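Colleague: Handing you a structure now.
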Amino acid sequence: MKYIEKYLDYLKVVKKYSDKTLLSYYDDLIEYNEFLGNNFKNILNIDIDITKEYLKYLYERGINKNSISRKLSSIRGFYNYLVKEEILTSSPFNSIPNPKKDLYLPKFLNDKELNKIFSVCSENTPSDERDTLIIELLYATGIRVSELVNIKVKDIDRTNKSIKVLGKGDKERIVLYNNHTSRALDIYLNDAYHIFNKKNSEYLILNHNGGKLSDRYVRMIIDKLVRKANLDIKISPHTIRHTFATDMLEEGADLMTVKELLGHESLNTTSIYTHITNEQIKKTYNMAHPRAKK
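Take 138 as the starting number for the sequence shown in the working numbering and just add one per residue.
Structure below.
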């Protein structure tokens, strides 16, 4: 356990991983350590046969390929850390490839659903002004909810309609917004922001007490707007992020630009959205082409 704890400390202090990511690593490594214990093996004394046994164990439990890949990545990182610290001379997991991932197509909103949500946004109260800005920002920029709630007023360039956001791994990037968002931002900053900002906060999105709005509260706001729009769907801030990416690609944006706007490290992560747009093309073709309908 002490080596796992040292590794998690390294990820937290040096790599600056989020608490959520650290918890995933912890769960994966504890599960692996328990597997070794049940098979009377020491975490520092394993070979290729044990790694294959563990992979077999995961498959037999019916775990999907994406989760297996994540677990192997956690364990591989752990052993590479032990090699780096000269506790081990080699990592037994480097010779074990990840299974080919199942294709996961993210859920996104169609135009009708998106327009219904925007149609129920209003500026009747300070809370309405804030909630409207939240939806506008999420769709205009494609940012993560964690990035949204951490936007500081000083990070906004209202002249160039851009925002500096802090993404995964503390990586900064610039995202852009449009005239609709600019209007919502002006209304909020001129009114609701001053009402909410009782503690001289540097953050943009505030709660009624003047504190930074939580991720959970943003999700509650979205749920409220979905109900108000009489939509029988369940969406999250990430659904709006998926919608942003899908709409950008459908309207002709290139993959590299969308990758940079989303803050993805790998182009492979962004390329999943090309599958969505291809599926939409097929669906439209089958609905519209005279011979396809027969």
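Just so it is clear, CB atoms sit at the ideal spot from N, CA and C, and this is done for glycine as well.
Fair warning: this is a prediction, and the values are worked out from it, not measured in the lab.
Between Leu-242, Tyr-169, Lys-178, Phe-177, which lies nearest to Arg-213 when the distance is taken from Cα to Cα?
Modeller: Ranking Leu-242, Tyr-169, Lys-178, Phe-177 by Cα distance to Arg-213 puts Tyr-169 first.
Colleague: Grab the span of the alpha helix (DSSP H) containing Val-355 for me, first residue to last.
Modeller: Run containing Val-355: 352-365, per the alpha helix (DSSP H) assignment.
Colleague: With burial defined as no fewer than 16 other Cβ atoms inside 10 Å of the residue's Cβ, what is the status of Leu-148: buried or exposed?
Modeller: Looking at its Cβ environment, which holds 16 or more other Cβ atoms inside 10 Å, Leu-148 is buried.
Colleague: Short check: CB of Val-395 to CB of Pro-374, under 9 Å?
Modeller: Result no, Cβ atoms of Val-395 and Pro-374 do not sit closer than 9 Å.
Colleague: Helix, strand or coil for Val-257? Go by DSSP, reduced to three states.
Modeller: Val-257: coil per DSSP, three-state reduction.
Colleague: In the stretch 138-174, which residue ranges form an unbroken alpha helix (DSSP H) of at least 4 residues, counting only runs that do not cross its ends?
Modeller: Counting only runs of 4 or more, we get 139-150.
Colleague: Going by C-alpha to C-alpha distance, which of Lys-371, Tyr-140, Asp-360, Lys-308 sits closest to Val-220?
Modeller: Among Lys-371, Tyr-140, Asp-360, Lys-308, the Cα nearest to that of Val-220 is on Tyr-140.
Colleague: On a CA-only basis, which of Met-393, Pro-427, Met-385 is nearest Asn-247? Give me that one, please.
Modeller: Of Met-393, Pro-427, Met-385, the residue nearest in Cα terms is Met-385.
Colleague: Inspect the beta-carbon positions of Glu-222 and Lys-143 and report whether they are closer than 9 Å.
Modeller: Yes; because the gap between Cβ atoms is below 9 Å, this pair is in contact.
Colleague: Is the separation between the beta-carbon of Thr-407 and that of Glu-387 shorter than 9 Å?
Modeller: Their beta carbons are not under 9 Å apart, which means Thr-407 does not touch Glu-387 by this criterion.
Colleague: Over the uninterrupted beta strand (DSSP E) stretch that includes Arg-310, give me the two end residues.
Modeller: Segment 309-313, the beta strand (DSSP E) holding Arg-310.
Colleague: Roughly how many whole angstroms lie between the Cα atoms of Ala-321 and Leu-270?
Modeller: Spanning the two alpha carbons is a distance of roughly 5 Å.
Colleague: To which residues of the same chain is Leu-145 closer than 7 Å at the C-beta, ignoring the five residues directly before and after it?
Modeller: So the list reads Leu-159, Tyr-162, Tyr-163, once near-sequence residues are dropped.
Colleague: Kindly indicate which three-state DSSP category Lys-244 falls into: helix, strand or coil?
Modeller: In this structure, Lys-244 counts as coil in the three-state DSSP scheme.
Colleague: Under DSSP, the beta strand (DSSP E) around Leu-285 begins and ends at which residues?
Modeller: From DSSP, Leu-285 is part of no beta strand (DSSP E) but of the alpha helix (DSSP H) over 282-286.
Colleague: What did DSSP end up calling Pro-319 once you bin it into helix, strand or coil?
Modeller: Here the sequence assigns Ser to residue 319, which means Pro is not the residue at that position. In this structure, Ser-319 counts as helix in the three-state DSSP scheme.
Colleague: Quick one: any contact between the stretch 299-318 and the stretch 398-407, if contact means 3 or more CB pairs under 8 Å?
Modeller: Counting Cβ pairs under 8 Å, three or more are found: they touch.
Colleague: State yes or no: is the C-beta of Ile-272 within less than 9 Å of the C-beta of Ile-359?
Modeller: Against a cut-off of 9 Å, the Cβ pair of Ile-359 and Ile-272 comes out as a contact.
Colleague: How many whole angstroms separate the CB atoms of Gly-279 and Arg-198, which I take to be in contact at a CB cut-off of 8 Å?
Modeller: Not quite, the Cβ-Cβ distance comes to about 35 Å (not below 8 Å), so this is no contact.
Colleague: Taking contact to mean at least 3 C-beta pairs separated by less than 8 Å, is the stretch 340-349 in contact with the stretch 252-262?
Modeller: No, they do not touch.
Colleague: Let me check understanding here. Comparing Cα to Cα, which of Pro-263, Asn-217, Leu-173, Leu-181 lies closest to Glu-190?
Modeller: Comparing Cα positions, the closest option is Leu-173.
Colleague: Let's test the definition: count the other Cβ atoms within 10 Å of the Cβ of Val-363 and tell me whether it reaches 16, buried, or not, exposed.
Modeller: So Val-363 ends up on the buried side.
Colleague: So, for Arg-207: in the same chain, excluding its five sequence neighbours on each side, which residues have a beta-carbon less than 8 Å away from its beta-carbon?
Modeller: Ser-161, Asp-165.
Colleague: Pull up the distance between the alpha-carbon of Ser-259 and that of Glu-266, whole angstroms please.
Modeller: Each residue's Cα considered, the two are about 7 Å apart.
Colleague: Could you tell me how far apart the beta carbons of Ile-205 and Leu-195 are, in whole angstroms, since I believe they sit closer than 8 Å?
Modeller: The Cβ separation is near 5 Å, so the contact holds.
Colleague: So what does Leu-303 bridge to, in DSSP terms?
Modeller: Looking at the DSSP assignment, Leu-303 forms a beta bridge with Glu-309.
Colleague: Ser-228 and Asn-217 - do their beta-carbons sit closer together than 9 Å?
Modeller: Yes. Within cutoff.
Colleague: With distances taken between CB atoms, is the gap from Leu-181 to Leu-209 smaller than 9 Å?
Modeller: For Leu-181 and Leu-209, no; Cβs fall outside 9 Å.
Colleague: Name, in chain order, the residues that DSSP records as bridge partners for Leu-343.
Modeller: Its beta-bridge partners are Lys-349.
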